[in-house]
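Enquirer: One structure is given below, represented as structure tokens, and several questions about it will come after.
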Amino acid sequence: MAIRYGRNLQIYVRGIDISGEMNEISTLSEQEMADVSVPGVQHQLYPGLAKDSGTIQTIYNSTDSAVFVAMRQNTTDDYGMMIAFGSTAGNPVYASNNVTLKANSIKGIITDINRANYSFDTNNYPFEECKLIYPKGTITATGQAASYDGGASTGLGGAGYLQVFGVSTGTLVASIQDSSTDAWAGEQTTTCTFTAASSAESQRITISGTIKEYTRAAYTVTSTCTFAVALKRY
Amino acid sequence: MIRTKIDTALGTIQGLEHAPKVPSVLNPPFAFPALRPTDPVTFDFTAKNATLVYHFYIEVLINKGATIEQAQDDLDPYLQNTGSSSIKQAVEAIDWGSDADTCRITGVTNYGPAVYGGVEYLGARLGLDIWV
Chain A
5 MAIRYGRNLQ IYVRGIDISG EMNEISTLSE QEMADVSVPG VQHQLYPGLA KDSGTIQTIY
65 NSTDSAVFVA MRQNTTDDYG MMIAFGSTAG NPVYASNNVT LKANSIKGII TDINRANYSF
125 DTNNYPFEEC KLIYPKGTIT ATGQAASYDG GASTGLGGAG YLQVFGVSTG TLVASIQDSS
185 TDAWAGEQTT TCTFTAASSA ESQRITISGT IKEYTRAAYT VTSTCTFAVA LKRY
Chain B
32 MIRTKIDTAL GTIQGLEHAP KVPSVLNPPF AFPALRPTDP VTFDFTAKNA TLVYHFYIEV
92 LINKGATIEQ AQDDLDPYLQ NTGSSSIKQA VEAIDWGSDA DTCRITGVTN YGPAVYGGVE
152 YLGARLGLDI WV
């Protein structure tokens, strides 16, 4: 089992990499438990819907990252967040495309650097523990990335997560392909295709049915693009 | 470049000799930056090692001269919070540009005898944290 240091954390919010400003992140996944005990018979709790939340501690500087400015000023839209515990294919990733800012604060201490804190909740889907299929990288031509061995085929569907950091011109059409043999000689199928992106953004796409053992990111571009892809298997 | 900028800042203090590193020859009053001997660098303050902290000290040395009392009077102005001889004021005014983000003189330690090259001076150290 690989133990990972926090220094390798990557965190992306709506296509902006804020890793270099982040000092600490924590998430909390909890469920409300309803008491359905039958008096005189048994004590029983019934789980409700999952609700995830989290906090980010960052350095606050005078030229704040655009995402923080946006998060403080826009309280209506959800944000896609990807927390990657490393930058290698197969590293675990916590991802949600429905993060909403709950609270933020700035803290200035005379004998310390200025800091900022952000609290967020997730709407709809909670954080999903995924695998990093395509670590944040830049491509300049249509093609496919190296494959990742998921260990086995799964048949309950899943979800694909995309973070787009930049598209020079035109669009990026990213997809996830899968194969049973890792040959990629025509036997592969397209598991899911993300919506064409022309600028920084984040997406989540539901996958139904079987996801074969080997997966890889594929991309169709007409310019320089930077993006990352993660996959959740149910 | 960090040492160079510290050295330039020390040069704005009239009458203070200075160098960017521990010198082999010095002529007090003299000041120079040196990395703290223990834990001189804090890595990984943010993810991807985007932020780190250098822990320096600035050594200030005064000839002991005729009396130790006079040596203290000569040393103390360099340790003040503000003033034309204030090392804290001079160093915290550095425009780091792309070399660093910010800095802080954290305090004064080792006020007393200091030996360099076999010669005993009166000295003090100003702690300096530089965020990069």
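Residue numbers (this note's numbering), protein chains in the order written: chain A, 5 to 238; chain B, 32 to 163.
Glycine included, C-beta positions come from ideal geometry on N, C-alpha and C.
What in chain A is Cβ-close to residue 87 (chain B), meaning under 9 Å?
Expert: Under the 9 Å cutoff, chain A gives no residues; its nearest Cβ is about 16 Å from residue 87 (chain B).
Enquirer: Under 7 Å, CB to CB, which of the residues in the stretch 74-102 of chain B have a partner in chain A?
Expert: From the stretch 74-102 of chain B, only 75, 76, 77, 78, 79, 80, 81 and 82 have a Cβ closer than 7 Å to chain A.
Enquirer: Mark residue 50 (chain A) as exposed unless 16 or more other C-beta atoms lie within 10 angstroms of its C-beta, in which case mark it buried.
Expert: Answer is exposed; the Cβ neighbour count stays below 16.
Enquirer: At a Cβ threshold of 9 Å, is residue 133 (chain B) touching chain A?
Expert: It does; some Cβ of chain A falls within 9 Å.
Enquirer: Starting from residue 23 (chain A), find everything on chain B with Cβ-Cβ shorter than 9 Å and list it in chain order.
Expert: Under the 9 Å cutoff, chain B gives 77, 78, 79 and 81.
Enquirer: State buried or exposed for residue 83 (chain A), treating a residue as buried only when at least 16 other CB atoms are found within 10 Å of its CB.
Expert: Classification of residue 83 (chain A): buried, given that the 10 Å Cβ count is 16 or more.
Enquirer: Would residue 102 (chain A) pass as a contact of residue 11 (chain A) if the rule is Cβ separation under 9 Å?
Expert: No, these two residues do not count as a Cβ contact at 9 Å.
Enquirer: Below 7 Å CB to CB, which residues in the same chain sit around residue 144 (chain A) once its five sequence neighbours on both sides are set aside?
Expert: Here the set comprises 228.
Enquirer: To the nearest angstrom, how far is the alpha carbon of residue 93 (chain B) from that of residue 145 (chain B)?
Expert: Each residue's Cα considered, the two are about 9 Å apart.
Enquirer: Residue 47 (chain B) to residue 137 (chain B), Cα distance in whole Å?
Expert: When rounded, the distance between both Cα atoms is 21 Å.
Enquirer: If you count every other CB in all the chains shown that lies within 10 Å of the CB of residue 30 (chain A), and 16 or more means buried, which is it?
Expert: Its Cβ having fewer than 16 others within 10 Å, residue 30 (chain A) is exposed.
Enquirer: If you count every other CB in all the chains shown that lies within 10 Å of the CB of residue 32 (chain B), and 16 or more means buried, which is it?
Expert: That one is exposed.
Enquirer: In the DSSP assignment, what are the bridge partners of residue 162 (chain B)?
Expert: In DSSP, residue 162 (chain B) forms a bridge with B:84 and B:133.
Enquirer: In chain order, what residues of the same chain have a beta carbon less than 7 Å from the beta carbon of residue 87 (chain B), not counting five sequence neighbours either side?
Expert: Around residue 87 (chain B): 64, 65, 66, 67, 159 and 161.
Enquirer: Quick one: which unbroken beta strand (DSSP E) runs of 3-plus residues sit fully inside the stretch 57-119 of chain B? Chain order, please.
Expert: Complete beta strand (DSSP E) runs here, min 3: 61-66 and 84-93.
Enquirer: By how many angstroms is the C-alpha of residue 153 (chain A) removed from the C-alpha of residue 130 (chain B)?
Expert: Roughly 43 Å between the two C-alpha positions.
Enquirer: Excluding sequence positions up to five away, which residues of its chain have a Cβ less than 6 Å from the Cβ of residue 147 (chain B)?
Expert: Correct list: empty, nothing qualifies.
Enquirer: Any C-beta of chain B sitting closer than 9 Å to the C-beta of residue 85 (chain A)?
Expert: No, residue 85 (chain A) lies away from the interface with chain B (no Cβ there is under 9 Å from its Cβ).
Enquirer: Please check if any C-beta of chain A sits within less than 9 Å of the C-beta of residue 140 (chain B).
Expert: Not closer than 9 Å to any Cβ of chain A, the Cβ of residue 140 (chain B) fails to qualify, so no.
Enquirer: Output the residue ranges of the beta strand (DSSP E) runs that lie fully inside the stretch 125-182 of chain A and measure 3 residues or longer, sorted by chain position.
Expert: Listed in chain order, the complete beta strand (DSSP E) runs (minimum 3 residues) inside the stretch 125-182 of chain A are 132-143 and 162-171.
Enquirer: Give me the Cα-Cα distance between residue 52 (chain A) and residue 34 (chain A), rounded to the nearest whole angstrom.
Expert: Answer to the nearest angstrom: the Cα atoms are 9 Å apart.
Enquirer: If I measure Cβ to Cβ from residue 262 (chain A) and keep anything under 8 Å in the same chain, skipping five residues before and after, which residues do I get?
Expert: No information on residue 262 (chain A) is available, as it lies outside the stretch 5 to 238 that chain A covers here.
Enquirer: Using a 10 Å radius around the Cβ and a threshold of 16 neighbouring Cβ atoms, would you call residue 122 (chain A) buried or exposed?
Expert: The residue is buried, with at least 16 neighbouring Cβ atoms inside 10 Å.
Enquirer: Quick one: complete beta strand (DSSP E) runs, 3+ long, within the stretch 204-234 of chain A?
Expert: Complete beta strand (DSSP E) runs here, min 3: 205-211 and 218-225.
Enquirer: Short check: CB of residue 97 (chain A) to CB of residue 135 (chain A), under 9 Å?
Expert: Yes, the pair counts as a contact, with Cβ atoms nearer than the cut-off.
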